[in-house]
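Residues are numbered in our numbering as their position in the sequence shown, beginning at 1, plus a constant of 6.
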Amino acid sequence: MSRFDSHLKKNLLHIHKNIYLSKSDEYYHEKILRYHDPSSPEAHYLLGQKMEQKGHLVKAYKHYQEAAGIYSPYYFKAKHACRNLEDQITEDIGQVPQPARTTLPLTVKIMLFFLLFINMFLLILLFFFPSFSGAISSSLKMWNTGTDVVYEVEDLPYIMYFPEDTPKDEIEKSLHDQSIRLGRDAKNKNILIYGVATNDQKLSFEVLPLKSEAIQESSFVRAEYNSTLNDPVKIRFLNKSGAVLKGGPHPLQFIGANLVRTALQSYMKNNGSPPDSLDQLVADYPDNYLSFIPNEATTGSNSISSTFSGSGGWVYNQEALTLSEMFYPNTPANALQPSPIPYSPVKIDIDKRAFSLVVTIPPYIISSQKVGIGKDDSTRQGQFPILNRVQNPRGARPNMYGTAALGMGDIAIHGTLDKGSIERTKSHGCIRLVNPDIEEIFDFVPKGAVVNIYNKAPDKGLKPVTQSLEQLIPDKDPVNKQTTTSIFSWAG
Numbered sequence: 007m008s009r010f011d012s013h014l015k016k017n018l019l020h021i022h023k024n025i026y027l028s029k030s031d032e033y034y035h036e037k038i039l040r041y042h043d044p045s046s047p048e049a050h051y052l053l054g055q056k057m058e059q060k061g062h063l064v065k066a067y068k069h070y071q072e073a074a075g076i077y078s079p080y081y082f083k084a085k086h087a088c089r090n091l092e093d094q095i096t097e098d099i100g101q102v103p104q105p106a107r108t109t110l111p112l113t114v115k116i117m118l119f120f121l122l123f124i125n126m127f128l129l130i131l132l133f134f135f136p137s138f139s140g141a142i143s144s145s146l147k148m149w150n151t152g153t154d155v156v157y158e159v160e161d162l163p164y165i166m167y168f169p170e171d172t173p174k175d176e177i178e179k180s181l182h183d184q185s186i187r188l189g190r191d192a193k194n195k196n197i198l199i200y201g202v203a204t205n206d207q208k209l210s211f212e213v214l215p216l217k218s219e220a221i222q223e224s225s226f227v228r229a230e231y232n233s234t235l236n237d238p239v240k241i242r243f244l245n246k247s248g249a250v251l252k253g254g255p256h257p258l259q260f261i262g263a264n265l266v267r268t269a270l271q272s273y274m275k276n277n278g279s280p281p282d283s284l285d286q287l288v289a290d291y292p293d294n295y296l297s298f299i300p301n302e303a304t305t306g307s308n309s310i311s312s313t314f315s316g317s318g319g320w321v322y323n324q325e326a327l328t329l330s331e332m333f334y335p336n337t338p339a340n341a342l343q344p345s346p347i348p349y350s351p352v353k354i355d356i357d358k359r360a361f362s363l364v365v366t367i368p369p370y371i372i373s374s375q376k377v378g379i380g381k382d383d384s385t386r387q388g389q390f391p392i393l394n395r396v397q398n399p400r401g402a403r404p405n406m407y408g409t410a411a412l413g414m415g416d417i418a419i420h421g422t423l424d425k426g427s428i429e430r431t432k433s434h435g436c437i438r439l440v441n442p443d444i445e446e447i448f449d450f451v452p453k454g455a456v457v458n459i460y461n462k463a464p465d466k467g468l469k470p471v472t473q474s475l476e477q478l479i480p481d482k483d484p485v486n487k488q489t490t491t492s493i494f495s496w497a498g
């Protein structure tokens with residue numbers, strides 16, 4: 007919101023120029039489809055729910071089908087709703103009451119009996135007096151009769167192989183070109199091409215007739231085309247497990263999404279409801295749940311949209327029921343990585359015996375550092391949430407807590423100038439890192455993240471992230487103030 011904008015604009019969706027749409031409008035989602043985004047999965051899904059509540063099952067079913075036609079956070083819910091409605095509609099059809107049987111009036115019975123008698127008489131004449139039947143047929147007039155011909159459409163299935171690192175745009179273009187080529191020689195036939203991933207360079211981009219349904223089950227994309235109907239080539243990326251999906255979401259996309267979700271969970275726990283804007287997560291101390299809103303890794307943008315458009319950045323829907331649906335990438339489904347990002351909160355594991363601190367977003371290790379801990383077992387075991395995120399914290403003495411600290415009540419994870427205390431039991435209970443190490447992890451530990459302190463940490467089988475986390479950091483410097491004049495009295 008700019009400097010002179012009304013505060014009411016946060017409840018409005020910008021449609022075009024000076025045209026805005028109120029989210030409290032009774033027909034908000036109908037207008038979204040009419041004026042803003044005719045294919046919005048969110049609008050179709052919520053309209054489907056509205057129609058279902060009103061008893062308009064067929065309309066609800068059509069909206070759910072539209073929502074399930076585009077991969078989005080509403081894809082699985084829309085598919086589930088379609089199945090439920092299919093069962094319900096089938097049951098309703100099966101329960102149509104049969105009309106009560108009525109007896110025919112006596113006059114109708116007599117007329118039917120008379121007609122039956124005449125028909126029997128004519129049949130006897132036709133069978134036993136052929137000359138009579140010939141005379142009748144010769145007197146018939148031949149009328150011109152029209153013809154209505156219906157052709158059954160035949161499916162011609164093919165398989166096309168793609169290398170696992172093929173970009174989505176190239177997959178779409180290859181499927182389109184091959185569908186057109188095959189359709190030229192197959193009139194009034196459906197061309198179906200199933201895309202399958204391969205590591206065999208000899209098979210790359212080869213198109214072969216489909217001979218096994220097992221291969222079809224492993225496909226991740228399907229193209230359909232019928233040249234006779236003049237329809238466009240229909241390409242759909244399928245959401246199913248298989249070889250091409252083994253990578254899962256992009257690691258940095260996974261980390262960025264769950265960094266914000268962890269902060270959102272903490273904010274809702276402290277305030278009872280989600281924030282109106284994600285700017286409230288990057289406010290000044292003590293409300294600096296995050297240092298910044300991270301970039302979405304595949305597009306390099308941290309812009310926020312209220313609805314899914316696939317234009318990059320993130321989607322934030324404060325009315326969603328789960329954190330996974332509340333915050334997620336605003337990017338179109340990647341053919342090789344279409345699965346949604348599950349919620350996995352930021353955690354810190356401290357192993358006292360190994361003098362190690364590990365920041366994790368399972369299944370990834372974000373950072374691993376050596377630490378110093380308290381003497382006489384003063385660093386106690388247990389779980390502790392991060393309550394304070396402070397840069398240049400003040401203590402009883404200058405530089406007592408280094409350049410940054412993550413407070414947990416009586417103790418803190420903080421920086422130190424005393425390198426000799428690392429991998430030693432010299433503190434009074436706090437966990438010490440050299441200043442460069444605490445600065446490295448500070449931005450990736452949200453307020454509310456849980457710290458687990460173990461005597462000996464269990465092996466969780468996590469893997470280090472190989473990409474640079476700097477890709478998540480926005481180009482613009484954070485505007486929130488993460489310092490305070492308060493004096494802290496952590497154990498030190």
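All C-beta atoms, glycine included, are put in the ideal place defined by N, C-alpha and C.
- The DSSP-derived three-state label of K432 is strand.
- The DSSP assignment places 329–332 as complete runs of the alpha helix (DSSP H) inside the region 286–350, in order along the chain (cut-off: 4 residues).
- Counting only runs of 3 or more residues that sit fully inside the region 30–78, no beta strand (DSSP E) segment turns up.
- Of the residues G435, L439 and A410, the one whose Cα lies closest to the Cα of T490 is A410.
- Pairing A203 with I177, the inter-Cα distance amounts to about 11 Å.
- Per the C-alpha coordinates, the member of R403, L198, F390 and Y407 positioned closest to V396 is Y407.
- The continuous stretches of alpha helix (DSSP H) do not include T204, which lies in the beta strand (DSSP E) extending over residues K195 to T204.
- F133 is classed as exposed because its beta carbon has fewer than 16 other beta carbons within 10 Å across all chains shown.
- In the structure shown, V266 adopts helical secondary structure according to DSSP, grouped into three states.
- Taking the Cα of S474 as reference, the smallest distance to any Cα among K115, E331 and P257 is reached at P257.
- Assignment of beta-bridge partners to D357 by DSSP yields S362 and Y460.
- V288 is positioned such that its CB atom lies closer than 8 Å to that of N486.
- Counting of Cβ neighbours within 10 angstroms places N125 among the exposed residues, the total staying below 16.
- Going by DSSP, V440 is part of the beta strand (DSSP E) stretching over I437 to V440.
- The beta carbons of L63 and L91 sit closer together than 8 Å.
- For S233, the closest C-alpha among the options M274, Q184 and V213 is that of Q184.
- With respect to the 8 Å criterion, I437 and I347 are not classified as neighbours on the basis of their beta carbons.
- Judged by DSSP secondary structure, H420 falls outside any alpha helix (DSSP H) and instead within the beta strand (DSSP E) spanning A418 to T422.
- The beta carbon of E429 sits closer than 6 Å to those of F361 and K376, all from its chain and outside the five residues before and after it, given in chain order.
- Closest by C-alpha distance to Q59, out of G306, I419, Y334 and A87, is A87.
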